[in-house]
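Data block below; observations after.
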Amino acid sequence: MVRVCFDDVLGTNYAASDNEKCSIKYLVESMEQELSSLDQVLSPLLAKRDKLNAKILAHEAPLPLLDV
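Take the sequence shown: its letter number 47 is residue 47 in the UniProt record's numbering, and every next letter is one higher.
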């Protein structure tokens, strides 16, 4: 029986079989694709967040003292 999840053996001395190594490779590739998809969604949002945060900081900056 081929394992689908290896979470329970992460960080242990577990030795995967050749078939399991193939499964792990496929699993990692799938996770990398998902991570890439998430990055594509997050990147524009993070850029928008950074711009908004910069505007907030600019508005919160103390005003220079004016001599009257």
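C-beta atoms are modelled at their ideal positions from N, C-alpha and C, and glycine is treated no differently. Predicted model only: the values in this text are computed from it and were never measured.
Judged by their CB atoms, L27 and V4 are nearer to each other than the 9 Å cut-off. Rounded to whole angstroms, C22 and H59 show a C-alpha spacing of 55 Å. In the three-state scheme derived from DSSP, where H, G and I count as helix and E and B as strand, R49 is classed as helix.
Here E20 is near F6, since their CB atoms are less than 9 Å apart.
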